[in-house]
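Engineer: Residue numbers (the UniProt record's numbering): 1 to 445. I have a structure here, written as structure tokens, and I will follow up with some questions on it.
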Amino acid sequence: MFKIQDKTKNVMMEKIQTKEAKVGVIGLGYVGLPLAMELVAAGYTVIGIDIDKDKVASLNAGKSHILDVSENLVTDAVQNGLFKATDEFEVLGGLDAVSVCVPTPLNDNQEPDISYMTFTAEKIMKHLANPLLIMLESTTYPGTTRELFADHFEATGARVDDDYFLCFSPERVDPGNDKYQTKSIPKVIGGLTKASSELAEALYGKVLDEVVIVSSPEVAEMSKLLENTFRSINIAFVNEMALMCERMGLDIWETIDAAATKPFGFMPFYPGPGVGGHCIPLDPMYLHWKGKQSKFFNKFIETAQEINMNMPYYVVNKIQDALNGQAKSLKGAKVLLVGAAYKADINDVRESPALDVYEILKKHETDMNILDPFVASFQNKDGEIVPIIQSNACDFSKYDCVVILTKHSTIDYLSLLSDSRAIVDMCHIYKGNDSDKIHKIGGGR
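Here you go:
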């Protein structure tokens, strides 16, 4: 006998295949907006939903706040009627599918803040009118999709494979990466049911180059945390090795280059001022928190987090070393931080270690400026807007110390070297240069 659920799935599948399905994207940030544009490029009509009214108005005017998404792309999508942004969740009632790309930060106690996901689940349930394919992309702990979405929906009477279909499909966005972007990065999907996986595979298969189906939402959730915990631990390891090499008078950079000549069994990671971005500083703590609920305490995660979060303090110590040569203290010294973004050639300052360096120096009453060609300003911990010198160069000579925290490719490093009194190079910009004014991480020249 033909089941109602089968009929519902078949109707949904037909809409996806013919591209009649209306797709929503909740959260129009670094994950949601690129995904929305890929859906548009594939021929789907997309409604973007975001609680930021200014962002909504800007997008509807054809403006893009994401460097990886050109304004021409947004303008064309809006003018062709394939994309519209709104802050009204009532539009969910007219959608066939929705991708959830909301923030999942940590609170002050380094524990998951799931308030955005809870809010979103409630909004979806409130406005659920037609059968809806829901794909949660926000990074979270194993069990979230089932606990926050499925269990909540079922408690209100909604039935899976009839009223809704549900998957977890972790985002893998790497801002500023020209080689791997939303379309070309393999998409992992774990459905609550087989029908959920099949529908999500059909939709994303029309949009992205490769789709990988796993057995459950929990496996998909865990895979995302495993990816970034792996990176966090390896970055922490090489940061600690850099400190050890410095103590021993060895060059960590030359050492890594030598090890990387091995064609198997080694993957190079490089030291720096800490870790930043929307994933590496946060994701491992989601896993650590969830593990504690099962009385499992992951020592690797805890140790890696401790090492990486202490790196900004190491940077400040290097700055003090550089100032010692001028008989100056941190208090009152004129210091320029080069780079506010957490990685090269992007405007993303989320969890950037540069901001931690700034806050530490602020407590020492250091006279600071920040230079970053990609970032205009940021909000400090006191809620103040801190302006940034948005340029590739400035009068480096007026600073007692210049600190390179982000390896932006457009910075005038030759002028920086010739004009600066002292340089703390956290990015190995001046490889092979033995100038006494350069202070490097990892004991290298």
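Heads up, the beta-carbon is just placed ideally off N, CA and C, and yes, glycines get one too. The model shown is predicted, which means the values in this text are computed figures rather than measured ones.
Could you give the distance in angstroms between the alpha-carbon of residue 2 and the alpha-carbon of residue 17?
Structural biologist: With a pLDDT of 39 at residue 2, under the threshold of 50, the modelled position of that residue is not reliable, and the figure given next carries that caveat. Looking at the two C-alpha atoms, the distance is approximately 21 Å.
Engineer: Return helix, strand or coil for residue 24, following the three-state DSSP convention.
Structural biologist: Residue 24 falls in the strand class under three-state DSSP.
Engineer: Select from 213, 272, 316 the residue whose C-alpha is nearest the C-alpha of residue 237.
Structural biologist: Of the listed residues, the one whose Cα sits closest to residue 237 is 272.
Engineer: Exposed or buried, what is residue 343 when buried is set at 16 or more other beta-carbons lying within 10 Å of its beta-carbon?
Structural biologist: It is buried - the Cβ of residue 343 has at least 16 other Cβ atoms within 10 Å.
Engineer: Enumerate, from N- to C-terminal direction, the unbroken beta strand (DSSP E) stretches of 3 or more residues contained entirely within the segment 143–180.
Structural biologist: Within the segment 143–180, the complete beta strand (DSSP E) runs of at least 3 residues are 164–168.
Engineer: Less than 8 Å between the beta carbons of residue 372 and residue 397, yes or no?
Structural biologist: Contact flag unset, no.
Engineer: Using a threshold of 8 Å, state whether the C-beta atoms of residue 23 and residue 56 are closer than that.
Structural biologist: Cβ distance not < 8 Å, so residue 23 and residue 56 don't count as in contact.
Engineer: So what does DSSP say about residue 440, is it helix, strand or coil?
Structural biologist: Note: residue 440 maps to strand in three-state DSSP.
Engineer: Going by the CB atoms, is the gap between residue 378 and residue 349 shorter than 8 Å?
Structural biologist: Closer than 8 Å, so yes.
Engineer: Taking only runs that begin and end inside the segment 368–432, name each unbroken alpha helix (DSSP H) of 4 or more residues, in chain order.
Structural biologist: Correct list: 413–419.
Engineer: Applying the 10 Å Cβ sphere with the 16-neighbour rule, what's the burial state of residue 27?
Structural biologist: With 16 or more other Cβ atoms within 10 Å, it is buried.
Engineer: Any idea what DSSP makes of residue 267, helix, strand or coil?
Structural biologist: It is coil, neither helix nor strand.
Engineer: Which residue comes first and which comes last in the beta strand (DSSP E) that contains residue 120?
Structural biologist: Run containing residue 120: none in the beta strand (DSSP E); it sits in the alpha helix (DSSP H), 115–126.
Engineer: To test your reading of the DSSP string, which unbroken alpha helix (DSSP H) runs of 4 or more residues are found completely within the segment 37–79?
Structural biologist: Counting whole runs of 4 or more residues, the segment 37–79 contains the alpha helix (DSSP H) stretches 53–60, 71–79.
Engineer: My understanding is that residue 199 touches residue 9, with C-beta atoms under 8 Å, so please give their C-beta distance in whole angstroms.
Structural biologist: Correct: roughly 7 Å between the Cβ atoms.
Engineer: For residue 270 and residue 38, I'd like the C-alpha separation in whole angstroms.
Structural biologist: Cα to Cα, residue 270 sits roughly 32 Å from residue 38.
Engineer: Using three-state DSSP, classify residue 112 as helix, strand or coil.
Structural biologist: If DSSP states are grouped into helix, strand and coil, residue 112 belongs with the strands.
Engineer: For residue 187, name the three-state secondary structure that DSSP assigns.
Structural biologist: Looking at residue 187 - three-state DSSP - the assignment turns out to be strand.
Engineer: Return the chain-ordered ranges of every alpha helix (DSSP H) run that is complete within the segment 264–317 and spans a minimum of 4 residues.
Structural biologist: Those alpha helix (DSSP H) runs which fall completely within the segment 264–317 and span 4+ residues are 283–293.
Engineer: Are there 16 or more other CB atoms within 10 angstroms of the CB of residue 385, so buried, or fewer, so exposed?
Structural biologist: The residue is exposed, with fewer than 16 neighbouring Cβ atoms inside 10 Å.
Engineer: Please classify residue 20 as buried or exposed, where buried requires at least 16 neighbouring CB atoms within 10 angstroms.
Structural biologist: Residue 20 is exposed by the Cβ-count criterion.
Engineer: DSSP three-state call for residue 213: helix, strand or coil?
Structural biologist: Correct three-state label for residue 213: strand.
Engineer: Expressed to the nearest angstrom, what Euclidean distance is found between the alpha-carbon atoms of residue 194 and residue 117?
Structural biologist: About 23 Å.
Engineer: Name the DSSP beta bridge partners of residue 99, please?
Structural biologist: 25, 135.
Engineer: For the structure I just gave you, are there three or more beta carbon pairs, one from the segment 246–258 and one from the segment 219–228, closer than 8 Å?
Structural biologist: Touching, no, given that fewer than three Cβ pairs across the two stretches are closer than 8 Å.
Engineer: Is the separation between the beta-carbon of residue 375 and that of residue 360 shorter than 8 Å?
Structural biologist: No.
Engineer: Can you tell me which of 42, 52, 267 puts its alpha carbon nearest to the alpha carbon of residue 205?
Structural biologist: If we check each option's Cα against that of residue 205, 42 comes out closest.
Engineer: What residues match up with residue 84 in a beta bridge as DSSP calls it?
Structural biologist: 47.
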